[in-house]
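Engineer: The structure that follows is given in the form of structure tokens.
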Amino acid sequence: MASVIARSIIMKQHSGAHRLSFATSIKIKSCYSSYAASPKEKSPENYTRYHEVSSENWKFVERLRPHLLVPSYPTDRNYASDWIPPSDTPPNLPYFVKRTKNFMVPVYLNFEEVRNARKITIIRHIEGDIWALEQAIKSHLENVTKKPVVSRVHEVAMHIKFRGDYVNEVKKWLMNAGF
1 MASVIARSII MKQHSGAHRL SFATSIKIKS CYSSYAASPK EKSPENYTRY
51 HEVSSENWKF VERLRPHLLV PSYPTDRNYA SDWIPPSDTP PNLPYFVKRT
101 KNFMVPVYLN FEEVRNARKI TIIRHIEGDI WALEQAIKSH LENVTKKPVV
151 SRVHEVAMHI KFRGDYVNEV KKWLMNAGF
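As structure tokens, then:
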């Protein structure tokens, strides 16, 4: 059992001098050991109050609520961010990289803490022949950087990791391939 002690200071004037006295009240908090011993619930009207909102003000509330569906992207082909929408027909390849729910290419940069911060490029949402995709991207990156590229394929999680920061090159390659 826990107790809560509340003290209040009372100043009394007694023969011209100020005296302080402490008034102490002890309130004991009880802990119920079972549901049956706890006090019974009252009706919901005791706990909640309802407030009518006019329909004119409801438009401000709807603005703040999250959308239930992701809106479709605009059909313009020119974007300032060099973003390309996915092609209408998927490319005829043995692998496929599915976009995220916000139509973004699933290529990410991760920092692993090994001595120095090591940069790892990760490609996720891969379906189909993951090894063929790894070879195609690896050969493209080696042609662009003129260096050997180290990669790791995780078949169960269906993602590929490349050592280094190749996010922009991989995104451009995937978007130009039609993913």
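Quick note: the sequence shown uses UniProt numbering, first residue 1, plus one each step. Idealized CB from N, CA, C, for every residue including glycine.
Below 8 Å on the Cβ atoms is my contact criterion, and I expect M93 with V167 to pass it. Report the Cβ-Cβ distance as a whole number of Å.
Structural biologist: As a first step, residue 93 must be located in the sequence shown, where it is residue number 93. As a first step, residue 167 must be located in the sequence shown, where it is residue number 167. Looking at the sequence provided, one finds Leu at residue 93 rather than Met. Wrong, their Cβ atoms sit about 21 Å apart, outside the cutoff.
Engineer: Please classify K171 as buried or exposed, where buried requires at least 16 neighbouring CB atoms within 10 angstroms.
Structural biologist: For the purposes of this step, residue 171 is taken as residue 171 along the sequence shown, with counting starting at 1. Its Cβ being crowded by 16 or more others within 10 Å, K171 is buried.
Engineer: Measuring from the CB of L69, is there a heavy atom of the ligand ZN at a distance below 7 Å?
Structural biologist: Looking at this structure, you won't find the ligand ZN or any other ligand, since it has none at all.
Engineer: Between which residues of its own chain and I160 is the CB-CB distance below 8 Å, once the five residues before and five after are set aside?
Structural biologist: Position 160 of the sequence shown, counting from 1, holds the residue named residue 160. So the qualifying residues of the chain are I122, I123, I126, I130, L133, E134, I137, S151, R152, V153 and H154.
Engineer: In the DSSP output, which residue or residues are listed as bridge partners for F111?
Structural biologist: The count along the sequence shown starts at 1 and reaches residue 111 at position 111. According to DSSP, which records beta bridges pairwise, F111 is partnered with K119.
Engineer: DSSP three-state call for I84: helix, strand or coil?
Structural biologist: As a position in the sequence shown, residue 84 is number 84, starting the count at 1. In this structure, I84 counts as coil in the three-state DSSP scheme.
Engineer: Under 8 Å between the Cβ atoms of P91 and T100?
Structural biologist: The residue labelled residue 91 in the question sits at position 91 within the sequence shown. The residue labelled residue 100 in the question sits at position 100 within the sequence shown. It is not a contact, given that the beta carbons lie outside the stated cut-off.
Engineer: Could you tell me whether the Cβ atoms of I120 and E112 are closer together than 8 Å?
Structural biologist: In the sequence shown, residue 120 corresponds to position 120, counting from 1. In the sequence shown, residue 112 corresponds to position 112, counting from 1. Yes, they are a contact pair.
Engineer: Excluding five sequence neighbours on each side, which residues of the same chain lie with their C-beta closer than 7 Å to the C-beta of E169?
Structural biologist: For the purposes of this step, residue 169 is taken as residue 169 along the sequence shown, with counting starting at 1. Excluding sequence neighbours, E169 sits near L141 and V144.
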